[in-house]
Amino acid sequence: MRISRTLSRSRVTVAVSTLATLGLLAGCSEGGTSSTGGGKKDGKVTITMGLFGVMGLKETGLLEQYERENPGVTIKAEIAGDEQTYYTALQTHLAGGSGLKDIQGIEVGRAKEIVDTQADKFADFAKTEGTGHFQPWKLNQLTTPQGRVLGLGTDIGPMAICYRKDMFQQAGLPTDREKVAALWAGDWNKYVETGQKFKAGSKDSKLAFMDSSTGLFNSMIYGSSEQFYDKDGELIYDKNPVVKEAWDLAAEAGSSGLTAKLRQFQPGWDPGLANSTFATTVCPAWMLAHISEKAGPANKGKWDVAKAPKGANWGGAFLGVLDKSPVKAEAQKLVAWLTAPARQATIFKEIGNFPSSKEALAQPEVSGAKSPYFSEAPIGEIFGAAANEIPAEQVLGRKDGTIKDIFSQGLHLIESKGRKPSEAWDTTDERIRKAVG
Amino acid sequence: MGAPPGPGAAPGGKDRPRQRRRNLLHRLDLRGAPYGFVAPFFIVFGAFSFYPLIYTSWISLHKVELATMDLMEWRGFGNYTALWADDRFWNALANTITIGVISTVPQLLMALGIAHLLNYSLRGSTFFRVAALTPYATSVGAAALVFTMLFERDFGMINWFLGTFGVESIDWEGDKWPAQIAISTIVIWRWTGYNALLYLAAMQAIPRDRYEAAAIDGASRWQQFLSVTVPGIRATIVFTIVLSTIGATQLFGEPLIFGQGPNGISGGADNQYQTLGLLMYEEGWKNYQMGRASTIAWAMFMLLVLAFVLQRLIKSATTRSRTSQGIRSGKR
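Written as structure tokens, this is what we have:
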């Protein structure tokens, strides 16, 4: 199924690029029409959206609901599976000034770069009414020093630990989520120690305690308000004690055989979920949708969610509107609607993406939410508590996404290639300098 | 101007300018028209190939980021010297060469064998010819995806198959040589049939009587293949080698999809299968350093030029020595 989709998409690409070439050769006679795809015609409005991953806007039927409630509005959403691919294309389109959509999704790791280099290309939400319901730090992440708000927040990523009750039981560990959380309360070191206990007690030597050391690394660094850059935009990844501590612990977990040597969202991880090869994974709220989809109905009820040692925010996204969109006002209205507390609550209830809106948090359908797939875990309560532990300030850096990728590769060198942690650190350090220099 | 020529004008004088103009038009038609006919291609070539080439070289002398293409910082040949000193470049070059060799050599040898077999009169030969071309018609993306699943470490079919013989599962993506071999397999699978058909077309142009003569002389099929077929299609073999060299230098899609995601772009956690094409992509579209990406593009271009100059030199050297030997032994 995946292949046939790829095929037809490539066929479409060929057709589109042929048309585009012909269009170029014809001398761009269109001239005045919009370059963002949307537009107004005979009183009907078309709004185009570029999204990535599972943002939950289309998946939960919200776009259709908006179309029903606003006759004459048509929304066309294009969703890229992989954020890296999506952002690369967005960069190219922004640089070239074509191929853009009226509304573009922005991942939090890219927010700072957008603020620094593309601020003038996005419409300002500062004067849009009813945007006071967001977590202040969420709104600040995409606000320029001049006070222009370049987009509104969708979800955030408070973290917990997803674990397999059946595997904990066979290893002689408690299975109740309160007791499990108590195993590692307040300290990530205890999480790794629990892993050692798991390994010692497990009757199946092939089972790993966690999927990858990268998840652990991410959750540790994102519990601090500064990771790779400081407030002035200076690179501090090599001096920041938080990063060093996270690296050391992740390296220890990786080199002592506690991990399944997988890389999250890479080939092998999904089959690992489906075939139950590891017992825990650090899971931001948005990952629940992925786990339940890939682990499949066979593993329903075997998974549970426990509180993580410390609160942290991993990921999240925004919706921005292109300034030169011909339907700018309509698109901004749609974004405000999609990110309103009620919609954020719906998305959380349906697929688990955690709201970035303070007001949404207070709604009973959020605070009281339970996940049937994860043994009826009170995810509203768990993630809500984790969200409160997120540092009130989140410093973003320009190349956060790139640096995170390089770190995860460095950890992979230790994990599956048996490289010494100090050697892997040197390699990582050199790669980062080359990538951002 | 406009005054009619007087009756006393010299005969024929009235026609001479027109005659000259007609001559000029005729000459223009004769000499100029071919240029007119080839012009569209060269205009398109100039706009879409030559101009980007020059612009890329201009960019390669600067520090430029993708998000801010209008801000260029002059670096002179700084990008080139940095590239020369960068071990990632040499690593990528070495990978490109090794993957190129382990994909091209078996591919062309197999293509030669298949073409030779197809050259016999077979029942349903059209079917086999179309079948040979099918992998070539498959998109890189689809092929690489399927192979990625086959070569998966924990649940892939190939490791499962090897496991039935007691072989421990191989980390096809994570280890250097397995990864390069797996990528080469995709390349070989896609291009063998294509090259086989090229060889087949060339083989069919070899006169039948040569084979008959060889058969009368008592040559076996293998001897016929070596001394009639291979010399008969030498030009095509050189052509496929040139094509495969260009293809191998630009190898990109297969390793990118094989690694999937950020890992594919850097050619594995240890850059163990990063080719020059991937390194260029990484610099340009992951690190957004367009200047450095352009530098790699030019380095690749110059490598190809170098490869062809070398090939020419070797060719002329070998033909010279061969002809002189031929004269000495009185064969030619």
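Line order of the protein sequences matches chains A and B.
In this text, residue positions in the first sequence follow the working numbering: the first is 3, and each later residue adds one.
In this text, residue positions in the second sequence follow the working numbering: the first is 26, and each later residue adds one.
By construction, the Cβ of each residue, glycine as well, lies at the ideal position given by its N, Cα and C atoms.
Which residue's Cα is closest to the Cα of Leu218 (chain A): A:Lys205, A:Leu237, A:Val194?
A:Val194
Should Ile271 (chain B) be labelled buried (16 or more other beta-carbon atoms within 10 Å of its own) or exposed?
Ile271 (chain B) is classed as exposed because its beta carbon has fewer than 16 other beta carbons within 10 Å across all chains shown.
Would you list, in chain order, the members of the region 72 to 98 of chain B that have their beta-carbon closer than 8 Å to a beta-carbon of chain A?
Glu90, Leu91, Ala92, Thr93, Met94
With 16 as the cutoff for other CB atoms within 10 Å, does Val182 (chain A) come out buried or exposed?
buried
Looking only at its own chain, which residues have a Cβ that is under 7 Å from the Cβ of Ala319 (chain A), when we skip the five neighbours before and after it?
Met57, Gly107, Ile108, Glu109, Val110, Thr156, Asp157
Looking at the unbroken beta strand (DSSP E) that takes in Ala319 (chain A), where does it start and where does it end?
315 to 323 is the extent of the beta strand (DSSP E) around Ala319 (chain A).
Consult DSSP for Arg166 (chain A) and reduce its assignment to one of helix, strand or coil.
strand
Could you tell me which whole alpha helix (DSSP H) segments of length 4 or greater appear in the region 120 to 174 of chain B?
150 to 162
So the candidates are B:Ser209, B:Glu177, B:Tyr105; which of them puts its Cα closest to the Cα of Ser194 (chain B)?
B:Glu177
Excluding the five sequence neighbours on either side, which residues of its own chain have a C-beta within less than 8 Å of the C-beta of Ala239 (chain B), listed in chain order?
Gln248, Gln249, Ser252, Val253
Does any residue of chain A have a CB that is nearer than 8 Å to the CB of Asp179 (chain B)?
yes
Going along chain A in order, which residues have a C-beta closer than 9 Å to the C-beta of Lys311 (chain B)?
Gln86, Thr90, Thr404, Asp407, Ala437
Going along chain A, which residues have a C-beta under 8 Å from Ser13 (chain B)?
The structure shown does not extend to residue 13 (chain B), since chain B is modelled only from 26 to 357, so the question has no answer here.
Which same chain residues, not among the five before or five after Leu264 (chain A), have their C-beta less than 7 Å away from its C-beta?
Asp213, Ser214, Gly270, Trp271, Gly274
Please look up how many angstroms separate the CB atoms of Gln205 (chain B) and Ile266 (chain B), rounded, as I've assumed it's under 8 Å.
The pair is not a contact, with the Cβ atoms about 20 Å apart (cut-off 8 Å).
Select from A:Asp232, A:Tyr224, A:Ser100, A:Ile384 the residue whose C-alpha is nearest the C-alpha of Trp249 (chain A).
Restricting attention to A:Asp232, A:Tyr224, A:Ser100, A:Ile384, the CA atom closest to the CA of Trp249 (chain A) is found in A:Tyr224.
Please compile the residues from chain B whose C-beta is within a distance smaller than 8 Å of the C-beta of Leu415 (chain A).
What Leu415 (chain A) touches in chain B: Ala294, Asp295.
By how many angstroms is the C-alpha of Tyr161 (chain B) removed from the C-alpha of Ala136 (chain B)?
Each residue's Cα considered, the two are about 13 Å apart.
For Pro287 (chain B), which residues in chain A fall below 7 Å Cβ to Cβ?
Gln86, Asp407
Using the DSSP secondary-structure output, state which residues sit across from Thr282 (chain A) in a beta bridge.
A:Tyr165, A:Met212
Can you tell me whether Ile282 (chain B) is helix, strand or coil according to DSSP?
helix
Suppose contacts are defined by Cβ-Cβ distances below 8 Å. Is Ala318 (chain B) in contact with Met305 (chain B) by that definition?
Yes, the pair counts as a contact, with Cβ atoms nearer than the cut-off.
Say whether chain B places a C-beta atom closer than 8 Å to the C-beta of Gly270 (chain A).
yes
Taking only beta carbons into account, state which residues of the region 184 to 197 of chain B come closer than 9 Å to chain A, listed in chain order.
Asp196
For Pro147 (chain A), which of helix, strand or coil comes out of DSSP?
coil
If you draw a straight line from the alpha carbon of Glu432 (chain A) to that of Leu102 (chain A), how long is it in whole angstroms?
Glu432 (chain A) and Leu102 (chain A): Cα-Cα distance of roughly 35 Å.
Kindly identify the DSSP beta-bridge partner or partners of Tyr231 (chain A).
A:Leu237
Quick one: is Pro147 (chain A) near chain B, going by C-beta distance under 8 Å?
no
Name the DSSP beta bridge partners of Phe136 (chain A), please?
A:Ser359
By Cβ distance below 8 Å, which residues in the same chain neighbour Thr146 (chain A) in space, the five residues on each side in sequence not counted?
Val117, Ala121, Leu152
Any idea if Lys351 (chain A) is buried or exposed, counting beta-carbon neighbours within 10 angstroms, 16 or more meaning buried?
buried
Work out the CA separation of Ile183 (chain B) and Leu170 (chain B) for me, nearest whole Å.
Cα to Cα, the separation comes out at about 14 Å.
Kindly indicate which residue of A:Pro393, A:Phe376, A:Glu391, A:Ala426 has the alpha-carbon position closest to the one of Thr177 (chain A).
A:Phe376
Which residues in chain B have a C-beta closer than 7 Å to the C-beta of Glu115 (chain A)? List them in chain order.
Ala92
For chain A, find out if any of its Cβ atoms is closer than 8 Å to the Cβ of Gly101 (chain B); answer yes or no.
no
Spell out the partners DSSP gives Trp305 (chain A) in its beta bridges.
A:Arg166
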